[in-house]
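Notes for the one structure printed next.
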């Protein structure tokens, strides 16, 4: 039986001291607190001499973030999955899609692992636990330049170490919602305070507007005006669709280089498989397969099931499929892993997130 049989169903989404003493104590406390805050929050500043001899101040983090961006694809995994789910002209996601928010938070963890910021805690005893229950740790505090990723990274650094599934639950801010009936869940979601990581969809959409992929419009829904984000750059979404169809329909999978998947990007094929599996879990994969005939779509979904089963375990399964699709994937994945042997603990996090995706229906 497929590893996903008991978890994901087929995706068809379109989705009391005296006053004097108190003042002295509180005043000192406020002073210390302020000093500590300034010390922690004030950005490090460097200077360089300009042509006229004047010193120019700059934040070194700006340079490191710029260098980071130049090595990474234009879009994050979260943005790619969200883009697949958005209706091109209407600019919003299906209201009935319960899966995408949780899947997007899983993508945050996956993206941090691919960027070398987090990994599984190096402890031989971890193998006694299921992948999703293994503890992850921050191994590089360098900011990525992507706001959501950096907020999640700071949260992980400042908090106690937790498992992969616990982090995904915590970032959603809604760990108890799956226990509620659907109507009650919607009411609680509406009433929840807008913690930065509980509004992922809207913030990702605004980020895509900043990158020129989407635009913002106002639409009237019954009595309310709502911001929507129609697609402005159709080429970006079509490139993602082509990549998905390539992986799920071609006998030999070749991923052309682009700004969305640079040639020198580490783990290009593993990353693409993770994106496909995340889109499947988010109930938006159907949108990339709409141009295929019925039988081709069925084969594509069957291939996704096999990929999710193979790559939600560690080490990766990497076996050739019986249908002939992606016959070269085991070889190219093995080459990527061989070139990144020092990154195995990071890839283990990717596998753990995919294992969470296999049981997303039972979680929600």
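In the working numbering, the protein residues as written are 1 to 364. Backbone N, C-alpha and C define an ideal beta-carbon position, used for all residues, glycine too.
Rounded to the nearest angstrom, what separates residue i and residue j at their Cα positions?
i, j, result
"residue 135", "residue 293", "43 Å"
"residue 76", "residue 97", "21 Å"
"residue 286", "residue 130", "30 Å"
"residue 257", "residue 202", "29 Å"
"residue 84", "residue 120", "29 Å"
"residue 327", "residue 261", "21 Å"
"residue 235", "residue 344", "34 Å"
"residue 305", "residue 298", "11 Å"
"residue 340", "residue 224", "51 Å"
"residue 291", "residue 158", "46 Å"
"residue 178", "residue 333", "Note that residue 178 scores 43 on pLDDT, short of 50, meaning its location in the model is unreliable and no value can be drawn from it."
"residue 342", "residue 336", "12 Å"
"residue 238", "residue 288", "8 Å"
"residue 245", "residue 125", "39 Å"
"residue 72", "residue 266", "9 Å"
"residue 94", "residue 87", "8 Å"
"residue 312", "residue 207", "29 Å"
"residue 319", "residue 282", "24 Å"
"residue 314", "residue 280", "20 Å"
"residue 230", "residue 199", "18 Å"
"residue 233", "residue 102", "26 Å"
"residue 263", "residue 254", "12 Å"
"residue 302", "residue 250", "13 Å"
"residue 300", "residue 106", "23 Å"
"residue 307", "residue 171", "26 Å"
"residue 155", "residue 204", "18 Å"
"residue 269", "residue 338", "13 Å"
Can you have a look at residue i and say buried or exposed, based on whether 16 or more other CB atoms are within 10 angstroms of its CB?
i, result
"residue 21", "With a pLDDT of 43 at residue 21, under the threshold of 50, the predicted position of this residue should be treated as unreliable, and no value is reported."
"residue 123", "exposed"
"residue 357", "buried"
"residue 310", "buried"
"residue 226", "exposed"
"residue 243", "buried"
"residue 169", "buried"
"residue 295", "exposed"
"residue 348", "buried"
"residue 79", "buried"
"residue 316", "buried"
"residue 248", "buried"
"residue 146", "buried"
Along the chain, where does the beta strand (DSSP E) that runs through residue i open and close?
i, result
"residue 252", "No beta strand (DSSP E) holds residue 252; DSSP gives it neither H nor E."
"residue 119", "118 to 120"
"residue 225", "224 to 228"
"residue 339", "Note, residue 339: premise wrong, no beta strand (DSSP E); alpha helix (DSSP H) at 329 to 339."
"residue 136", "136 to 138"
From the options, pick the residue whose C-alpha is nearest to that of residue i; which is it?
i, options, result
"residue 117", "143, 127 and 92", "143"
"residue 331", "91, 356 and 252", "252"
"residue 241", "102, 276 and 159", "276"
"residue 259", "232, 211, 248 and 161", "211"
"residue 284", "73, 72 and 104", "104"
"residue 91", "160, 215 and 325", "215"
"residue 163", "279, 127, 209 and 88", "127"
"residue 150", "172, 108 and 167", "108"
"residue 74", "154, 329, 209 and 165", "209"
"residue 213", "271, 89, 221 and 222", "89"
Going by DSSP, what residue range makes up the alpha helix (DSSP H) through residue i?
i, result
"residue 217", "From DSSP, residue 217 is part of no alpha helix (DSSP H) but of the beta strand (DSSP E) over 217 to 221."
"residue 203", "200 to 210"
"residue 153", "147 to 158"
"residue 85", "77 to 85"
"residue 271", "268 to 281"
"residue 141", "First-last for residue 141: undefined, no H or E at that position."
"residue 92", "Segment: none, residue 92 is in no alpha helix (DSSP H) and carries neither H nor E."
"residue 297", "294 to 311"
"residue 103", "100 to 114"
"residue 358", "344 to 358"
For the ligand MN, is there a heavy atom less than 7 Å away from the beta-carbon of residue i?
i, result
"residue 92", "As presented, the structure is devoid of all ligands, the ligand MN included, so that no description of it is given."
- Message: Any contact between the region 112 to 131 and the region 343 to 361? By contact I mean 3 or more CB pairs, one from each, below 8 Å.
- Response: yes
- Is the region 84 to 101 touching the region 131 to 145 in the sense that three or more CB pairs, one from each, lie closer than 8 Å? no
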